[in-house]
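Those letters in the sequence shown? Residues -22 to -1, 1 to 1015, by mature numbering (1 follows the signal peptide of the UniProt record, and there is no 0).
What follows is one structure encoded as structure tokens, with my remarks underneath.
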Amino acid sequence: MPWLIGEYPWLWIVLFVAVSELQIAPHGALYQKLKVRIQGDIMIGALFPIHEQPTVKTAFSRKCGSVREQYGIHRLESLIRTIHEINRNPKILPGIQLGIDARDTCWYEPIALEQCMDFIRTAFAYREYEDCMKSTNGSSKMCLPPGVSSSSNMEIPIAALIGPGSSEMTKQVQQVLQLFSIPQIGYSATAADLSNVAEYRYFLRVVPSDSLQVEVITTLLRKFNWTYVTLINSMGIYGDRGISGLKERMDKYGICSEIERSIDNKETEEAFVDLAMEIFQPDRKAKVVVCFCQGETMAGIFKAMKTLGLEGRGYMFIGTDGWSDRLDVLGPVVNAKTEERAYSRLALGSFSIKLHSPKVEGFDEYFTSLTPDTHHNVNPWFTEFWEQKFDCTIRNTGDGKRKQCTGQESLKNLPFQQDNKLSLLNLAIYVVALALHRVQEIVCGVGRPGVCAGLLPVNGSFLRQELLKVNFTDRNGDTIYFDENGDPPASYDILNYQQTVNARGEEVFEYVQIARWKHGRMEFVDEDKIQWQVIEAATPNSTIVGPVKSYCSEPCGPWEEKIVKDKSKSCCWICRPCKPNERKTKSERCEPCGLGFKPSENKTDCVPIEPEFIRWTNPGPLAAIVFAAIGALMAIIILVVFIVHRNTAVVKASTRELMWVILVAMLVAHFSVLIVFFRPSPLTCALHRSLPSIAFAIIYAALVTKTNRIARILEGSKRILLKKQRFLSTTAQLVITLALTTIEIIVVATMLVIEPPNTRLKFSEDLTQATMLCDTTKSGNVIPLAFPIFLIAMCTIYAIKTRNLPQNFNEAKFIGFTMYTTCVLWLAFLPVYLSGYETEVTLTISISISASIALVILFIPKTYIILCRPEKNSRMSFITAKDIRCHIGVLQTNVDTGKKKSHKKGPYLGFRKSSIFTEIVEMSSDKKISQVSRETTKSSLKPTKNGYQKRSLRNSVDNSGESDDSAASMQVALDEKALRRSFLRREKHAPTGSPPKNEPSKIEKREESCQTDWSLPAVCSLALAEPEEFPTDFDTD
């Protein structure tokens, strides 16, 4: 059986009709009571909730509750009034009277479905009657069904159905009606599922889908930044489908729900209290409650909140069209004067969504003028409504529960508010009437009044097509038409429940329209007129008025990103500040800018970084430049002094050519400081890498050459030299200096080829700043400095070796002190430089200090003597010969190889006359010998007629070679054998055994003074250094 019904779905209708007949039989009188029928040529059916739904106990007996004024009586009376209005209009269905077949659903799905089946049964009965009439040639008595006395009393089937009010009932009724091709027009059913044409083919509606109402709710939430809400819905298609669509839309806009609950309309009061206790806990962050509920659910929640004393707690409600502007949702009236109801203060400030349905003009007067005497024959429920409204009885029931009505009661004396969907109901009635009018014109012809052959019964499929084509403007100026799904254009009114002052100056509670949603846009009438709920503050007797705050987390700052911990709660987050190189995207995320870019001022875009470079105006570079400028100025001044006084003793004794080279190199070193702070470019980078190292190489190459020469002279005084030492001239020293500098130039050039000079950007740690630097590795900086460091080391070694020169020869000591200080400086400089901290400033300061050290130690004393103590600037001031040490084999002396000239006491002899006086530079014997006076030296020379003649030397002075005016050396060879023979001869002729004399002879004195550890006879060896002019009266050999 189940598979058969599944294959032929119409069979279950037949089965349902049969079962219904069995159930209806005992309650036939009840069904007669639950409908209003006004006969007409074409019947229009309607389903209204005239009564409240039955309780659980009375559901089987179909005993409904009390009469519903707005949802029931108002709608039924509006239907009756509108049908009469259409029938009086000659332009609509001329010659045809519309009839009404209205049924009561009691807001209960089984009753609504049973009433729908009764419509179907009527259609079946009428079809049987017509078939019978055709077969019996019009004999109506034979064809009338049982209980029908005449053909005029024969019930005509409905052409279309209006209603019912709820989406659940509508779906169930449509599933039956579409099997019989009966169109259905909804005036209140808003469920989104009903837009499915494939499933609900014969359904159209004059109200928009809940999918658009969902859009209205999310627009409100976004408008007031309510991102964390509580969701409640009524059980059933309306609430379930609506809340499901709302959650999808909320997810799209990043709105979350803290808690979601659903409840049935028929739940007990205790169930609503439990729901309220769970939802409205004090620690809940969500203060906005969105209720996709029917009015009964909303009323139950308000009642539970009243029981729990939750007034003034700051909860904001957003209700759907199930609440709208209904007053019964707010409970019974507690103050007739102010129209305050039991739950008015709980609902203050809340929003509700109402389908755009303006008041029906004239209905208030029409309805309030009705009385049971004049209207009970039209509306069988009106008397029941009257008795309930005035709490009296018209009928003489004699139960004593109610008083007898006096007949003086009038609806005009009571507050009246018409149902908010009457205009929508009227719109649905006019849509059916206009579609029927178009069918009449097509079937009967345009302008032909009345019912013609073929018009009845109305073809449902044909009528549906004409319904979809309806397009007209109503009395309110709103255009009604249908899309392919049978949905009209959407329009909603946003209401705010307020406590206002009426025209009489009295405070009243009422719904006030604050906005309208139309064509997908929210337009506020006056946003300032929104009345917010009064919230009790923590301070006694104080309140807070204003929009409630309903969010999970505090909004992040303008430069903070949201980090969502739980993906299911996208509106609960923690705020993390964006990094300096990150911009904030529209999705509230921090996005890093690419390398070379930084966030803009508003942190929304990335802009290119303007590279910076070390500027002269910065404190560090400025100090380095000032220091270098002072050093360069001093070097220039000293260079000028040395050039001007180049022939003085101080300058000549210092090897003036090397000193000039050193001063020029110092100028280059100081100038290279400026190069470091130029805007980086390949040229400046190349100079930056080459000038300092080359300048240092020149300085220390000259110094190492100078110290090397002193050390070689010292070394030569310690051993017998058989030939003249080489490379002691000024030219040789300059060549050596140039050669050493060339090595550094080659190293620098090689590094520039290996690592071509270029620029690069050095970014700060936060990547928001970039400094333009020379693109050089550490090896590119260090390797060129390796050779100057080597020169410093060699110069230091030579300075240590020559540290004990005679007391007045301070040049070696000054060089030594310079090297010691330079080594300490460079040992401190290299680690700091290689660490990368302020490398440019560190380099420049080190360059300036290194150059200044050499300048101060080597040149300032000499400059002081030249400028301030000129009396010391003489050759005699630089004589330091106080010790004479004897060596065998070679006499090393400094002589003048200059121009020969006659001495005033005799002519020039066979050797070149020395124009200088000598200075002893070093002693090499292990024992110190007694100092020989200048007179001893003179006594060893014997004046002759032609000049001076050696007394004991047989070999002539070797005068070959050239020497300069600063320190030329001449070596005098000694005849060792002749000396030995002379010594042995003196020993042989000496008296044997004679006692020693008290006073030694001159020869013995000289031999004694020249005696050393050597076993050979010794002769005096003079190591001659710095030049000095001899006095004219001084004779020498």
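Quick reminder that beta carbons are idealized off the backbone N, C-alpha and C, glycines included.
{"Check": "Buried or exposed: where does Trp301 fall if 16 or more other Cβ atoms within 10 Å of its Cβ makes it buried?", "Outcome": "buried"}
{"Check": "Do Lys684 and Leu636 have their beta-carbon atoms positioned less than 8 Å apart in this structure?", "Outcome": "yes"}
{"Check": "For the beta strand (DSSP E) containing Lys149, list its first residue and its last residue.", "Outcome": "Lys149 -> not in any beta strand (DSSP E); alpha helix (DSSP H) instead, spanning 145 to 155."}
{"Check": "Going straight from the alpha carbon of Gln1 to that of Ser39, what length do you get?", "Outcome": "No answer about Gln1 holds up, because its pLDDT of 45 lies below 50 and its placement is not dependable."}
{"Check": "In terms of alpha-carbon separation, which member of Asn357, Val479, Pro350, Phe649 lies closest to Phe26?", "Outcome": "Asn357"}
{"Check": "Specify, as a first and last residue, the run of the alpha helix (DSSP H) that Ala764 falls within.", "Outcome": "756 to 779"}
{"Check": "So, do the region 740 to 756 and the region 712 to 728 have three or more beta carbon pairs nearer to each other than 8 Å?", "Outcome": "no"}
{"Check": "Please name the residue or residues paired with Arg15 in a DSSP beta bridge.", "Outcome": "Asp79"}
{"Check": "Report all residues from its chain with a CB closer than 7 Å to the CB of Asn312; omit the five preceding and five following residues, and keep chain order.", "Outcome": "In the sequence under discussion, the amino acid at residue 312 is Val, which differs from the Asn named in the question. The residues are Glu318, Arg319, Ala320."}
{"Check": "Quick one: using the 10 Å Cβ neighbour count with 16 as the cut-off for buried, is Arg482 buried or exposed?", "Outcome": "exposed"}
{"Check": "In this structure, how does DSSP classify Arg40 when only helix, strand and coil are distinguished?", "Outcome": "coil"}
{"Check": "Grab the span of the beta strand (DSSP E) containing Gly164 for me, first residue to last.", "Outcome": "162 to 164"}
{"Check": "Indicate whether the contact test is met: 3 or more Cβ pairs, each with one atom in the region 231 to 239 and one in the region 201 to 209, closer than 8 Å.", "Outcome": "yes"}
{"Check": "Within a Cβ cutoff of 6 Å, which residues of the same chain sit near residue 1019, ignoring the five residues on either side of it in sequence?", "Outcome": "Nothing about residue 1019 can be read from this structure; the chain reaches only from -22 to 1015."}
{"Check": "Count the other C-beta atoms from every protein chain shown that fall within 10 angstroms of the C-beta of Phe450, then say buried if there are 16 or more, exposed otherwise.", "Outcome": "exposed"}
{"Check": "Please report the distance separating the alpha-carbon of Asp753 from that of Asn736.", "Outcome": "5 Å"}
{"Check": "Indicate whether the contact test is met: 3 or more Cβ pairs, each with one atom in the region 431 to 448 and one in the region 86 to 96, closer than 8 Å.", "Outcome": "no"}
{"Check": "With a cut-off of 8 Å, do at least 3 Cβ pairs link the region 528 to 535 to the region 213 to 224?", "Outcome": "no"}
{"Check": "Tell me, to the nearest whole angstrom, how far the beta carbon of Pro161 is from that of Arg416; I am working on the premise that it is less than 8 Å.", "Outcome": "At roughly 13 Å, the Cβ-Cβ gap does not stay under 8 Å, so Pro161 and Arg416 are not in contact."}
{"Check": "Using three-state DSSP, classify Pro839 as helix, strand or coil.", "Outcome": "helix"}
{"Check": "Less than 8 Å separating the beta-carbons of Gln191 and Ile331?", "Outcome": "yes"}
{"Check": "Express the C-alpha separation of Phe394 and Met294 in angstroms, rounding to a whole number.", "Outcome": "28 Å"}
{"Check": "Just the Cα atoms here: how many angstroms apart are Pro839 and Ser707?", "Outcome": "25 Å"}
{"Check": "Give the range of the alpha helix (DSSP H) segment to which Tyr107 is assigned.", "Outcome": "87 to 113"}
{"Check": "Let me confirm a value: His29 is counted as buried when at least 16 other C-beta atoms fall within 10 Å, else exposed. Which label applies?", "Outcome": "buried"}
{"Check": "Distance, Cα to Cα, Ile279 vs Gly77?", "Outcome": "41 Å"}
{"Check": "Considering only residues of the same chain and omitting the five flanking positions on each side of Leu730, which have a CB-CB separation below 8 Å?", "Outcome": "Ala664, Arg667, Ser668"}
{"Check": "Could you tell me the distance, in whole angstroms, from the CA atom of Lys850 to the CA atom of Leu739?", "Outcome": "57 Å"}
{"Check": "Is it right to say Ser56 is buried, meaning 16 or more other beta carbons lie within 10 angstroms of its own, or is it exposed?", "Outcome": "buried"}
{"Check": "Pick helix, strand or coil for Trp638, following the three-state DSSP scheme.", "Outcome": "helix"}
{"Check": "Using beta-carbon positions only, say whether Val819 and Ala673 come within less than 8 Å of one another.", "Outcome": "no"}
{"Check": "Helix, strand or coil for His415, going by three-state DSSP, please let me know.", "Outcome": "helix"}
{"Check": "Using the Cβ count rule (16 or more neighbours within 10 Å means buried), how would you classify Leu392?", "Outcome": "exposed"}
{"Check": "Cα separation between Lys381 and Ala169?", "Outcome": "44 Å"}
{"Check": "If we define contact as Cβ-Cβ less than 8 Å, is Cys271 a contact residue for chain D?", "Outcome": "In the structure shown, chain D does not exist; there is a single protein chain."}
{"Check": "I'd like the ranges of any alpha helix (DSSP H) spanning at least 4 consecutive residues and lying wholly in the region 246 to 323.", "Outcome": "247 to 257, 273 to 286"}
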